[in-house]
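Participant:
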Amino acid sequence: MAVNIILPPPSLSLWHTKKLIYSTQIRFRIMSSASKSQPQSVASSAVYQVPGLDSHEMDSTADKTFERYSSNTAKRNGKGVSIVWFRNDLRVLDNEALFKAWVSSQAVLPVYCIDPRLFQTTYYFGFPKTGALRAQFIIECLADLKKKLMKKGLNLLIQHGKPEDILPSLAKAFGAHTVYAHKETCSEELQVERSVARGLRQVELSPAQGNSSRSSSTHSPKLQLIWGSTLYHLDDLPFSVGSLPDSVEAKCTIRGCIRLPTSLGPPPSVDDWGIIPSVEQLGLHSEKVVKGMRFLGGETAALSRVTEYFWNKDLLKIYKETRNGMLGPDYSTKFSPWLASGSLSPRFIYEEVKRYEKERLANDSTYWVLFELIWRDYFRFISIKYGNSFFHLGGPRKVEKRWHQDQKLFETWRNGCTGYPLIDANMKELSASGFMSNRGRQIVCSFLVRDMGIDWRMGAEWFETCLLDYDPCSNYGNWTYGAGVGNDPREDRYFSIPKQAQTYDPDGEHVAFWVPELLTLPKERRNFPGKSYIEQVVPLKFGSSNKHHSQRSKYGGRHSGLRNR
1 MAVNIILPPP SLSLWHTKKL IYSTQIRFRI MSSASKSQPQ SVASSAVYQV PGLDSHEMDS
61 TADKTFERYS SNTAKRNGKG VSIVWFRNDL RVLDNEALFK AWVSSQAVLP VYCIDPRLFQ
121 TTYYFGFPKT GALRAQFIIE CLADLKKKLM KKGLNLLIQH GKPEDILPSL AKAFGAHTVY
181 AHKETCSEEL QVERSVARGL RQVELSPAQG NSSRSSSTHS PKLQLIWGST LYHLDDLPFS
241 VGSLPDSVEA KCTIRGCIRL PTSLGPPPSV DDWGIIPSVE QLGLHSEKVV KGMRFLGGET
301 AALSRVTEYF WNKDLLKIYK ETRNGMLGPD YSTKFSPWLA SGSLSPRFIY EEVKRYEKER
361 LANDSTYWVL FELIWRDYFR FISIKYGNSF FHLGGPRKVE KRWHQDQKLF ETWRNGCTGY
421 PLIDANMKEL SASGFMSNRG RQIVCSFLVR DMGIDWRMGA EWFETCLLDY DPCSNYGNWT
481 YGAGVGNDPR EDRYFSIPKQ AQTYDPDGEH VAFWVPELLT LPKERRNFPG KSYIEQVVPL
541 KFGSSNKHHS QRSKYGGRHS GLRNR
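Start counting the sequence shown at 1; every next residue gets the next number (full-length UniProt numbering).
(1) Taking residue 223 as part of the beta strand (DSSP E), name the residues at either end of that continuous run.
(2) Checking the sheet assignment: what are the DSSP bridge partners for residue 293?
(3) Shortest alpha-carbon distance to residue 284 belongs to which of 532, 131, 507?
(4) For the region 342-353 against the region 439-456, do three or more pairs of beta-carbon atoms, one drawn from each stretch, fall closer than 8 Å, so that the two count as touching?
(5) Relative to the alpha-carbon of residue 181, which residue among 192, 173, 172, 295 has its alpha-carbon at the smallest distance?
(6) Please identify the residue among 272, 133, 358 whose C-alpha is closest to the C-alpha of residue 467.
(7) Closer than 8 Å by C-beta to residue 536: which residues in its own chain qualify, once you throw out the five before and the five after it? Chain order, please.
(8) Quick check on the burial criterion: 16 or more other C-beta atoms within 10 angstroms. Buried or exposed for residue 305?
(9) Closer than 8 Å is the cut-off here; do at least three beta carbon pairs connect the region 309-317 with the region 344-356?
(10) Taking only runs of the alpha helix (DSSP H) that begin and end inside the region 112-160, which ones reach a length of at least 4 residues, in chain order?
(11) Taking the alpha carbon of residue 217 as the point to measure from, which residue in 194, 531, 206, 503 has its own alpha carbon closest?
(12) Can you check which of these residues, 459, 52, 195, 269, is closest to residue 166 by C-alpha distance?
(13) Let's test the definition: count the other Cβ atoms within 10 Å of the Cβ of residue 30 and tell me whether it reaches 16, buried, or not, exposed.
(14) How far does the alpha helix (DSSP H) with residue 177 in it extend, from its first residue to its last?
(15) Considering just the uninterrupted stretch of the beta strand (DSSP E) at residue 566, what are its terminal residues?
(16) Please name the residue in 387, 438, 273, 308 whose C-alpha comes closest to that of residue 486.
(17) Just to confirm before moving on: does the CB-CB distance between residue 179 and residue 223 stay below 8 Å?
(18) If contacts are defined as beta-carbon pairs under 8 Å, then residue 82 and residue 101 qualify, I think. What distance do you get, rounded to the angstrom?
(19) Suppose only complete runs of 4+ residues qualify. What are the alpha helix (DSSP H) ranges in the region 274-326, listed by chain order?
(20) From which residue to which residue does the alpha helix (DSSP H) around residue 473 run?
(21) With distances taken Cα to Cα, identify the nearest neighbour of residue 588 among 174, 112, 184, 186.
(22) Could you tell me which of 60, 236, 513 sits nearest to residue 327, measuring between CA atoms?
(23) Which residue or residues does DSSP assign as beta-bridge partners of residue 454?
(24) I need the straight-line Cα distance from residue 324 to residue 374, nearest angstrom please.
(25) Determine the DSSP secondary structure at residue 167, reduced to helix, strand or coil.
(26) Could you please give the first and the last residue of the uninterrupted alpha helix (DSSP H) stretch that includes residue 67?
(27) Taking the CB atoms as reference points, tell me whether residue 176 and residue 221 lie closer together than 8 Å.
(28) What first and last residue would you give for the alpha helix (DSSP H) that runs through residue 442?
(29) State yes or no: is the C-beta of residue 259 within less than 8 Å of the C-beta of residue 504?
(30) Going by C-alpha to C-alpha distance, which of 427, 434, 119, 332 sits closest to residue 448?
(31) Do you know whose CA, among 54, 157, 413, 98, lies nearest residue 270's CA?
(32) Give the DSSP-derived three-state secondary structure of residue 107 in the structure shown.
(33) Cutting at 8 Å between CB atoms, please list the residues of its own chain near residue 121, excluding the five before and the five after it.
(34) DSSP on residue 252, reduced to helix/strand/coil?
(35) Would DSSP call residue 331 helix, strand or coil?
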């Protein structure tokens with residue numbers, strides 16, 4: 001489908017957009033506008049599996065989806081062996097790297113490298129680079145991927161070590177002519193790609209090990225990188241991402257999902273396919289979700305969640321009205337963990353939305369789900385343009401601000417002990433489940449950088465540790481905007497905690513769920529408990545948490561240059 005797109009000027013904010021009307025113009029603006037969601041009554045100790053289907057229902061859903069996306073016309077015309085290097089694309093459906101590997105060879109070797117660098121520490125502040133909950137989620141994704149590949153006549157080779165060491169060795173051992181993988185955009189991942197390519201150039205294959213019968217000389221395996229992480233394909237954009245314009249309108253086509261044949265076999269002969277590790281074998285302590293949402297990893301769960309949310313519960317039609325909720329599994333799609341791991345294709349979501357619009361209805365809500373996917377794309381594209389400045393203190397605009405790195409104060413934020421129930425509840429949810437609502441992320445970011453004055457990178461790196469849906473583009477892109485150092489010179493907004501609490505948690509159900517000592521208070525006091533709760537670690541820059549949000553704080557009114565939300 002061809003649509004008109006307009007990329008945003010730098011003055012637009014990702015977290016603060018005004019109301020848009022559904023039209024053929026899709027505007028790249030930076031996130032969604034506020035919309036009050038319906039409160040939900042949730043038991044104070046509930047655990048919610050996402051998706052909420054049993055294993056039989058999920059397997060059946062995935063099988064039916066694969067039937068719809070199978071092809072009887074795909075032709076195989078290659079020779080020899082090719083390798084598929086799985087990275088953040090842990091799926092079979094709409095996996096172009098897997099498809100091209102199959103087409104270009106007689107045997108496909110799927111490989112996943114458990115890179116020890118992913119379990120070291122973050123760059124600036126030494127937090128765990130991957131927390132236990134995300135590690136468990138990835139382990140489940142790998143188990144499901146292995147299962148899916150075996151159904152297609154393949155398997156998944158699990159190797160421990162750096163890809164630049166493993167892949168050239170495998171290419172030599174199996175005589176693989178090409179390593180196929182999906183391309184990434186951030187510096188650490190790009191460095192690995194360069195190292196793999198360099199290692200492959202040092203491997204020498206015989207003429208018989210090529211993918212063409214015309215080859216008559218020795219050669220090296222190639223690294224073939226494929227773009228496949230976004231809704232819009234990089235090659236279809238009407239401009240160079242490196243010269244991303246302030247505003248442009250042009251035709252842009254969304255490509256259809258790749259349809260795979262029923263069988264992708266055979267794989268080459270492998271003596272030991274390896275085993276999927278436990279969390280403990282990765283050097284982490286296992287954590288169990290005992291409260292909140294428990295996301296199941298893997299493509300089967302991802303496809304089941306789409307079916308559950310769109311078709312079984314019919315929630316797509318009200319997404320725009322509920323998306324700013326904070327409690328329970330169904331106020332938003334919850335697709336993000338599977339998108340981040342690559343277990344779910346954004347193009348598949350697009351096609352399901354279009355099918356829903358055709359079979360049920362099209363409205364602002366169906367549009368808004370696609371709108372959010374476009375913002376995900378936008379972060380991926382601007383990560384190419386701005387490179388490592390995403391990770392620097394001054395951000396893409398090299399803003400000079402005074403920040404501090406008070407460790408004790410930061411720990412009150414990290415541990416949910418700030419004395420502000422809305423902040424504490426969201427941070428406890430993050431630690432306990434690996435997830436936080438979009439609204440919550442905006443609020444806790446604003447509090448850390450505006451009210452506490454703490455270096456935004458500390459917050460970004462803690463999110464990197466905890467989030468199931470962590471990916472560097474979205475995480476650091478959002479934090480640069482929230483800290484006012486993104487590519488928007490006017491991005492300097494302040495989220496008033498009292499106002500946010502009264503708008504998005506008016507009965508205090510979210511804070512009472514995560515801070516159960518507030519349950520005994522009247523609903524109207526749960527977000528404003530006064531001396532019934534722990535002491536506040538810092539005063540608010542704007543507004544008072546103990547009085548109606550429209551009153552000015554005794555610590556001063558609105559700071560110059562800050563917009564109150």
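Beta carbons are placed, not taken as given, at the ideal position from N, Cα and C, and that holds for glycine.
Facilitator: According to the structure data:
(1) The count along the sequence shown starts at 1 and reaches residue 223 at position 223. Start and end: 222-226.
(2) The count along the sequence shown starts at 1 and reaches residue 293 at position 293. Looking at the DSSP assignment, residue 293 forms a beta bridge with 48.
(3) Indexing the sequence shown from 1 puts residue 284 at position 284. Its Cα nearest to that of residue 284, the residue 131 stands out among 532, 131, 507.
(4) Here the region 342-353 does not lie against the region 439-456, with fewer than 3 beta-carbon pairs under 8 Å apart.
(5) Position 181 of the sequence shown holds residue 181. Here the closest residue by C-alpha is 192.
(6) As a position in the sequence shown, residue 467 is number 467, starting the count at 1. Considering only 272, 133, 358, the residue with the shortest C-alpha distance to residue 467 is 133.
(7) Stepping through the sequence shown from its first residue, residue 536 is reached at position 536. Taken in chain order, the residues that qualify are 418, 419, 420, 545.
(8) Working through the sequence shown from its first residue, we reach residue 305 at position 305. Flag for residue 305 reads buried.
(9) Flag = yes, the region 309-317 and the region 344-356 touch.
(10) Fully enclosed alpha helix (DSSP H) runs of 4 or longer: 132-151.
(11) Position 217 of the sequence shown, counted from the start, is the residue given in the question as residue 217. Taking only the C-alpha atoms, the option nearest residue 217 is 206.
(12) Here the question's residue 166 lines up with position 166 in the sequence shown. Of the listed residues, the one whose Cα sits closest to residue 166 is 195.
(13) Looking up residue 30 in the sequence shown gives position 30. The predicted model places residue 30 with a pLDDT of 27, which falls under 50 and marks its position as unreliable, so this point remains unresolved.
(14) In the sequence shown, counting from the first residue as 1, residue 177 sits at position 177. Element bounds for residue 177: not the alpha helix (DSSP H) but the beta strand (DSSP E), 176-182.
(15) Outside the displayed span of the chain (1 to 565) sits residue 566, for which this structure offers no information.
(16) Stepping through the sequence shown from its first residue, residue 486 is reached at position 486. Distance check between residue 486 and each of 387, 438, 273, 308 places 387 closest, using alpha-carbon atoms only.
(17) To locate residue 179, count along the sequence shown from 1; it is residue 179. To locate residue 223, count along the sequence shown from 1; it is residue 223. Contact check for residue 179 against residue 223 passes: the beta carbons are separated by less than 8 Å.
(18) Walking along the sequence shown from the start, residue 82 turns up at place 82. Walking along the sequence shown from the start, residue 101 turns up at place 101. Contact flag correct, Cβ pair sits at about 4 Å.
(19) Complete alpha helix (DSSP H) runs here, min 4: 299-306, 319-322.
(20) Translated into the one-based positions of the sequence shown, residue 473 becomes position 473. 472-482 is the span of the alpha helix (DSSP H), which, as asked, contains residue 473.
(21) Outside the displayed range of the chain (1 to 565) lies residue 588, so it cannot be described from this structure.
(22) By 1-based counting over the sequence shown, the position of residue 327 is 327. It is 513.
(23) The sequence position of residue 454 within the sequence shown is 454, counting from 1. Per the DSSP secondary-structure output, residue 454 pairs in a beta bridge with 404.
(24) Locating residue 324 in the sequence shown gives position 324, where the first residue counts as 1. Locating residue 374 in the sequence shown gives position 374, where the first residue counts as 1. Taking the straight line joining both Cα atoms gives about 18 Å.
(25) One-based indexing of the sequence shown puts residue 167 at position 167. Of the three classes helix, strand and coil, the one that applies to residue 167 here is helix, per DSSP.
(26) Residue mapping note: residue 67 aligns to position 67 of the sequence shown, counting from 1. For residue 67, the enclosing alpha helix (DSSP H) starts and ends at 55-68.
(27) Your numbering for residue 176 matches position 176 in the sequence shown. Your numbering for residue 221 matches position 221 in the sequence shown. Taking 8 Å as the Cβ cut-off, residue 176 and residue 221 qualify as a contacting pair.
(28) Mapped onto the sequence shown, residue 442 falls at position 442. Residue range 438-446 is occupied by the alpha helix (DSSP H) that includes residue 442.
(29) Residue numbering aside, residue 259 sits at position 259 when the sequence shown is read from its first letter. Residue numbering aside, residue 504 sits at position 504 when the sequence shown is read from its first letter. No, the pair does not count as a contact, with Cβ atoms beyond the cut-off.
(30) Here residue 448 is taken as the residue at index 448 of the sequence shown, counted from 1. Between residue 448 and the set 427, 434, 119, 332, the nearest pair of CA atoms involves 427.
(31) Here residue 270 corresponds to residue number 270 of the sequence shown, with the count starting at 1. Nearest option by C-alpha distance: 157.
(32) For this step, residue 107 is matched to residue 107 along the sequence shown. Here residue 107 sits in strand by DSSP.
(33) The residue you call residue 121 lines up with position 121 of the sequence shown. Answer for residue 121: 127, 128, 129, listed in chain order.
(34) Here residue 252 refers to the residue found at position 252 of the sequence shown. In the three-state reduction of the DSSP assignment, residue 252 falls in the strand class.
(35) By one-based count along the sequence shown, residue 331 stands at place 331. Residue 331 falls in the coil class under three-state DSSP.
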